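Chemist: So in the numbering used here, the last one in the sequence shown is 545, and the numbering has no gaps at all.
Positions of the beta carbon are idealized from the N, C-alpha and C atoms, including for glycine.
The structure presented is a predicted model; accordingly, all values stated were derived computationally and were not measured.
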Amino acid sequence: MTITAKSRAPSPEAGGLCVHGLGADLRSDGMRPPWTNYLAGVLITLSCTAAAGVMSIWFAPTNLAMVYLLGVVFAAARIDRRASVVAAVLGTLAFDFFFIPPIYSFAISDTEYLLTAAVLLTVGLVISSLAAGLRLQARVAIHRERRTAALYAMTRELAAAASLDDIAACAYAHIAHVFDAHGLILLNGPEGSTRVLGNAGDAAREGSADASIANWVFTRNKVAGFGTDTFPTADAIYLPLNGTRGIVGVLIVRGDNRAPLLIAEQWHLLETFASQIAVAVEREQLRRQAHDSAIAAQDERLRSSLLSSISHDLRSPLTVMAGSASSLLQGKSQLPEGPQRQLVEAINDEAQRMTHVVNNILDMTRLESGPVQLDRQWYPLEEILGAVLERLKDYLGQRVVTIDIPRDLPPVRVDGVLFEKVLINLLENAAKYTPADAHIDVSASLHGAQIQIKVMDDGPGIPKGFELQVFEKFYRIQAENAAAGTGLGLAICSAIIDAHRGHIWTESRPEGGAIFLLTLPLTEAPQDHLERRVA
Numbered sequence: 011m012t013i014t015a016k017s018r019a020p021s022p023e024a025g026g027l028c029v030h031g032l033g034a035d036l037r038s039d040g041m042r043p044p045w046t047n048y049l050a051g052v053l054i055t056l057s058c059t060a061a062a063g064v065m066s067i068w069f070a071p072t073n074l075a076m077v078y079l080l081g082v083v084f085a086a087a088r089i090d091r092r093a094s095v096v097a098a099v100l101g102t103l104a105f106d107f108f109f110i111p112p113i114y115s116f117a118i119s120d121t122e123y124l125l126t127a128a129v130l131l132t133v134g135l136v137i138s139s140l141a142a143g144l145r146l147q148a149r150v151a152i153h154r155e156r157r158t159a160a161l162y163a164m165t166r167e168l169a170a171a172a173s174l175d176d177i178a179a180c181a182y183a184h185i186a187h188v189f190d191a192h193g194l195i196l197l198n199g200p201e202g203s204t205r206v207l208g209n210a211g212d213a214a215r216e217g218s219a220d221a222s223i224a225n226w227v228f229t230r231n232k233v234a235g236f237g238t239d240t241f242p243t244a245d246a247i248y249l250p251l252n253g254t255r256g257i258v259g260v261l262i263v264r265g266d267n268r269a270p271l272l273i274a275e276q277w278h279l280l281e282t283f284a285s286q287i288a289v290a291v292e293r294e295q296l297r298r299q300a301h302d303s304a305i306a307a308q309d310e311r312l313r314s315s316l317l318s319s320i321s322h323d324l325r326s327p328l329t330v331m332a333g334s335a336s337s338l339l340q341g342k343s344q345l346p347e348g349p350q351r352q353l354v355e356a357i358n359d360e361a362q363r364m365t366h367v368v369n370n371i372l373d374m375t376r377l378e379s380g381p382v383q384l385d386r387q388w389y390p391l392e393e394i395l396g397a398v399l400e401r402l403k404d405y406l407g408q409r410v411v412t413i414d415i416p417r418d419l420p421p422v423r424v425d426g427v428l429f430e431k432v433l434i435n436l437l438e439n440a441a442k443y444t445p446a447d448a449h450i451d452v453s454a455s456l457h458g459a460q461i462q463i464k465v466m467d468d469g470p471g472i473p474k475g476f477e478l479q480v481f482e483k484f485y486r487i488q489a490e491n492a493a494a495g496t497g498l499g500l501a502i503c504s505a506i507i508d509a510h511r512g513h514i515w516t517e518s519r520p521e522g523g524a525i526f527l528l529t530l531p532l533t534e535a536p537q538d539h540l541e542r543r544v545a
């Protein structure tokens, strides 16, 4: 070896879209008693009579009918059909009693006024009927809009859920907001068992999961529970969660007030909720299966690579050691001292090679077992590199190693033992894939807030597209018989540099060969280090 030197939750939106009781809203105005609507019709009629009495001074009686007609329109538009019908009937009677001669009598002396009263009553009833229909259509439209919004909100959160527990939390929250009920999801388990998904809360768990009903739903794939023909005395609804590949679970819904859940619109919405939950659960199960399959395949590839590498790299040294030892044992009296020494040296070299292989495997295992505890100290880079070259002088042989480190380069704060392994593995890798008379260049420089180190050789280089794969465990570009090794050296370098919060990568030299670059974050060195360096 010749050495020459030169001087980087569910979102609350569903709560705001609560559709609880919307089916009832299609038929009535909330919880208001019916008699209040009749009373409103009476009050509207009285108001119209008072207004018509004032206007009668200036207008003919036939014109006053429009005042009562206006009251009917107001009642139909603002209250409901019952109020408008009351206003139409009472308005006609009041118009006849107070404004059609003879006054204060229901008798009608003129046919013209009889026709006016009949038209008033007819138009009032028609308007009340039309207005009621429009109100119903408006309520249906509002109901559908809220239903769609609630379903969209849940579907969007289910799509963003990252686990089965997140899916359960989203489903339980939306069921509670929309239906004012407790939800519970049971999934198929091994050997026909079931398990509760997520944390449904004690209120939902208590008495809501009947195993026999759930098993019946699993088996028959039909809805059961109250409101159905199957187990109608149960205190919950059991809905199958049907995915594309069959039933994946059961959704159990239990509310203190069952009436809203029995409304057709609410029932259809609940079934749609169950369908979306089933799709989300099946999607997550498929994702987990794919993930587990990928991990299993990767583990199998790593196991095969490890066995292949170890079997090759341990078999060869063992063969040499066994042959040399056998020769020494069988021919110790005949072999001269020179050949005996060569056999001993061969045994020693192969033993060191085996030790190196085992150490690499142990180092990789330690680096991957958890966070690496670094013993960071300040070191001049040339001192570490000098120690590495001294250890590798026999391995590097006749290769020319050129060192280019600026005199003003600050020291590096690293774990000395681990960082030596990085440089050793990089230089060994360069020597492994280069001829005996190759040139290896090692340089260091400042790049902003980082120190960059390069190890360059004039070997075959890294094929394009393999720049990242060379840092994977057990990956080797050349065949096993071309260059010995387990394919762990560069993977160890990458793990050590990552632990130092640095970065390592490789590039191809334009003139041929490979460049391995690594960067370390630059930290301010203590003053005594700087003073010694200047001195």
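Compute the Euclidean distance between the alpha carbons of A75 and G81, then round it to the nearest angstrom.
Modeler: Translated into the one-based positions of the sequence shown, residue 75 becomes position 65. Translated into the one-based positions of the sequence shown, residue 81 becomes position 71. Rounded to the nearest angstrom, the two C-alpha atoms are 10 angstroms apart.
Chemist: State the DSSP-derived secondary structure class of I247, mapped to helix, strand or coil.
Modeler: Taking the first residue of the sequence shown as position 1, residue 247 is located at position 237. I247 carries a strand assignment under DSSP once its states are collapsed to helix, strand and coil.
Chemist: Between H513, F109, I450 and F481, which has its C-alpha nearest R519's C-alpha?
Modeler: Residue mapping note: residue 519 aligns to position 509 of the sequence shown, counting from 1. That would be I450, whose Cα lies nearest to the Cα of R519.
Chemist: Determine the direct distance from the alpha carbon of G253 to that of Q362, and round the result to whole angstroms.
Modeler: Position 352 of the sequence shown, counting from 1, holds the residue named residue 362. Position 243 of the sequence shown, counting from 1, holds the residue named residue 253. Roughly 59 angstroms between the two C-alpha positions.
Chemist: Using DSSP with H/G/I as helix, E/B as strand and the rest coil, what is S173?
Modeler: To locate residue 173, count along the sequence shown from 1; it is residue 163. Coil at S173, not helix or strand.
Chemist: Roughly how many angstroms lie between the CA atoms of G31 and D508, to the nearest whole one?
Modeler: Numbered from its first residue, the sequence shown carries residue 31 at position 21. Numbered from its first residue, the sequence shown carries residue 508 at position 498. Note that G31 scores 42 on pLDDT, short of 50, meaning its location in the model is unreliable; the coordinates nonetheless yield the value given after this. Approximately 58 angstroms, taken between the alpha carbons.
Chemist: Tell whether a beta-carbon distance below 8 angstroms holds between F108 and Y78.
Modeler: Here residue 108 corresponds to residue number 98 of the sequence shown, with the count starting at 1. Here residue 78 corresponds to residue number 68 of the sequence shown, with the count starting at 1. Not closer than 8 angstroms, so no.
Chemist: Going by C-alpha to C-alpha distance, which of K232, H301, G193 and A459 sits closest to L261?
Modeler: The sequence position of residue 261 within the sequence shown is 251, counting from 1. Checked all of K232, H301, G193 and A459; the closest Cα to L261 is G193.
Chemist: Would you mind working out which of Q387, A307 and V410 sits nearest R423, comparing C-alpha positions?
Modeler: As a first step, residue 423 must be located in the sequence shown, where it is residue number 413. When only C-alpha atoms are compared, the closest one is Q387.
Chemist: Less than 6 angstroms between C-beta atoms, sequence neighbours within five positions excluded: which residues of the same chain meet that for S337?
Modeler: Taking the sequence shown and counting its residues from 1, one reaches residue 337 at position 327. Counting only Cβ-Cβ distances below 6 angstroms, and skipping sequence neighbours, we find L353.
Chemist: Please report the residue range of the alpha helix (DSSP H) in which A454 lies.
Modeler: Locating residue 454 in the sequence shown gives position 444, where the first residue counts as 1. First-last for A454: H449 to H457, but that is the beta strand (DSSP E), not the alpha helix (DSSP H).
Chemist: Where do the N-terminal and C-terminal ends of the alpha helix (DSSP H) with W226 fall, by residue?
Modeler: Translated into the one-based positions of the sequence shown, residue 226 becomes position 216. It spans A221 to R230 - the alpha helix (DSSP H) in which W226 sits, taken as one unbroken run.
Chemist: Which first and last residues belong to the beta strand (DSSP E) in which K483 is found?
Modeler: Here residue 483 refers to the residue found at position 473 when the sequence shown is read from its first residue. That residue, K483, is in no beta strand (DSSP E); it is neither H nor E in DSSP.
Chemist: Looking at the structure shown, is F429 part of a helix, part of a strand, or coil, going by DSSP?
Modeler: As a position in the sequence shown, residue 429 is number 419, starting the count at 1. Three-state result, F429: helix.
Chemist: Between G33 and V206, what straight-line distance do the alpha-carbon atoms span, to the nearest angstrom?
Modeler: To locate residue 33, count along the sequence shown from 1; it is residue 23. To locate residue 206, count along the sequence shown from 1; it is residue 196. Low local confidence applies: a pLDDT of 42 at G33 is under 50, so the model's placement there is unreliable, with the coordinate-based value given in what follows. C-alpha separation (whole angstroms): 31 angstroms.
Chemist: Mapping the DSSP letters down to three states, classify L274 as helix, strand or coil.
Modeler: Here residue 274 refers to the residue found at position 264 of the sequence shown. It should be noted that the sequence gives Ala, not Leu, for residue 274. Here A274 sits in helix by DSSP.
Chemist: Is L406 helix, strand or coil by DSSP?
Modeler: Numbered from its first residue, the sequence shown carries residue 406 at position 396. In the structure shown, L406 sits in a helix (DSSP, three-state: H, G or I).
Chemist: What residues are listed by DSSP as bridge partners for E517?
Modeler: As a position in the sequence shown, residue 517 is number 507, starting the count at 1. Answer by DSSP bridge pairing, in chain order: I525.
Chemist: Rounded C-beta distance between I514 and L528? I'm assuming under 8 angstroms.
Modeler: Reading the sequence shown from its first residue, position 504 is the one you call residue 514. Reading the sequence shown from its first residue, position 518 is the one you call residue 528. At roughly 4 angstroms, the Cβ-Cβ gap stays under 8 angstroms, so I514 and L528 are in contact.
Chemist: Determine the DSSP secondary structure at N435, reduced to helix, strand or coil.
Modeler: Within the sequence shown, residue 435 is the residue found at index 425, counting from 1. Helix.
Chemist: Can you tell me which residues form a DSSP beta bridge with N198?
Modeler: Along the sequence shown, one-based indexing puts residue 198 at 188. Answer is T204, bridged to N198.
Chemist: Assuming G499 is part of the alpha helix (DSSP H), what are its boundary residues?
Modeler: Counting from one through the sequence shown, the residue named residue 499 turns up at place 489. Unbroken alpha helix (DSSP H) run through G499: G499 to A509.
Chemist: When you compare each of R149, K232 and A501 to D90 by their alpha carbons, which one comes out closest?
Modeler: The count along the sequence shown starts at 1 and reaches residue 90 at position 80. Here the closest residue by C-alpha is R149.
Chemist: Taking the CB atoms as reference points, tell me whether I506 and L456 lie closer together than 8 angstroms.
Modeler: Translated into positions along the sequence shown, residue 506 becomes position 496. Translated into positions along the sequence shown, residue 456 becomes position 446. Result no, Cβ atoms of I506 and L456 do not sit closer than 8 angstroms.
Chemist: Excluding five sequence neighbours on each side, which residues of the same chain lie with their C-beta closer than 8 angstroms to the C-beta of A93?
Modeler: On the sequence shown, position 83 is the one that residue 93 refers to. Contacts found: N47, Y48, A50, G51, I54, A85 and A86.
Chemist: Between the Cα of P112 and those of G256, P71 and V99, spot the shortest distance and give me the residue it belongs to.
Modeler: Within the sequence shown, residue 112 is the residue found at index 102, counting from 1. Comparing alpha carbon positions, the residue from G256, P71 and V99 closest to P112 is P71.
Chemist: At which residues does the beta strand (DSSP E) containing G256 begin and terminate?
Modeler: The count along the sequence shown starts at 1 and reaches residue 256 at position 246. Residues G256 to R264.
Chemist: Going by alpha carbons, who is nearest to H549 out of L135, A524 and L279?
Modeler: Residue 549 is absent from the model: the chain starts at 11 and stops at 545.
Chemist: When you compare the CB positions of V188 and A151, do they come within less than 8 angstroms of one another, or not?
Modeler: Position 178 of the sequence shown holds residue 188. Position 141 of the sequence shown holds residue 151. For V188 and A151, no; Cβs fall outside 8 angstroms.
Chemist: Got a sec, what are the start and stop residues for the beta strand (DSSP E) R386 sits in?
Modeler: Residue numbering aside, residue 386 sits at position 376 when the sequence shown is read from its first letter. Boundaries of the beta strand (DSSP E) harbouring R386: R386 to Y389, taken from the DSSP string.
Chemist: What does H192 pair with, by DSSP beta-bridge criteria?
Modeler: Locating residue 192 in the sequence shown gives position 182, where the first residue counts as 1. Under DSSP, H192 forms a beta bridge with R264.
Chemist: Rounded to a whole number of angstroms, what is the C-alpha to C-alpha distance between M364 and V289?
Modeler: By one-based count along the sequence shown, residue 364 stands at place 354. By one-based count along the sequence shown, residue 289 stands at place 279. Cα-Cα distance, rounded: 54 angstroms.
Chemist: Please name the residue or residues paired with D467 in a DSSP beta bridge.
Modeler: Walking along the sequence shown from the start, residue 467 turns up at place 457. For D467, which the question treats as bridged, DSSP gives the partners I450.
Chemist: Cα separation between A301 and H153?
Modeler: Sequence index remark: in the sequence shown, residue 301 carries index 291 (1-based). Sequence index remark: in the sequence shown, residue 153 carries index 143 (1-based). The question names Ala, yet the displayed sequence has His at residue 301. If you take the alpha carbons of H301 and H153, they lie about 41 angstroms apart.
Chemist: Could you round the C-beta distance between V233 and G259 to whole angstroms and report it? I think they count as a contact, below 8 angstroms.
Modeler: Locating residue 233 in the sequence shown gives position 223, counting from the first residue. Locating residue 259 in the sequence shown gives position 249, counting from the first residue. Not quite, the Cβ-Cβ distance comes to about 14 angstroms (not below 8 angstroms), so this is no contact.
Chemist: Please return the same chain residues whose Cβ sits closer than 6 angstroms to the Cβ of D175, not counting the five positions on each side in sequence.
Modeler: By one-based count along the sequence shown, residue 175 stands at place 165. Only G208 meet the Cβ criterion.
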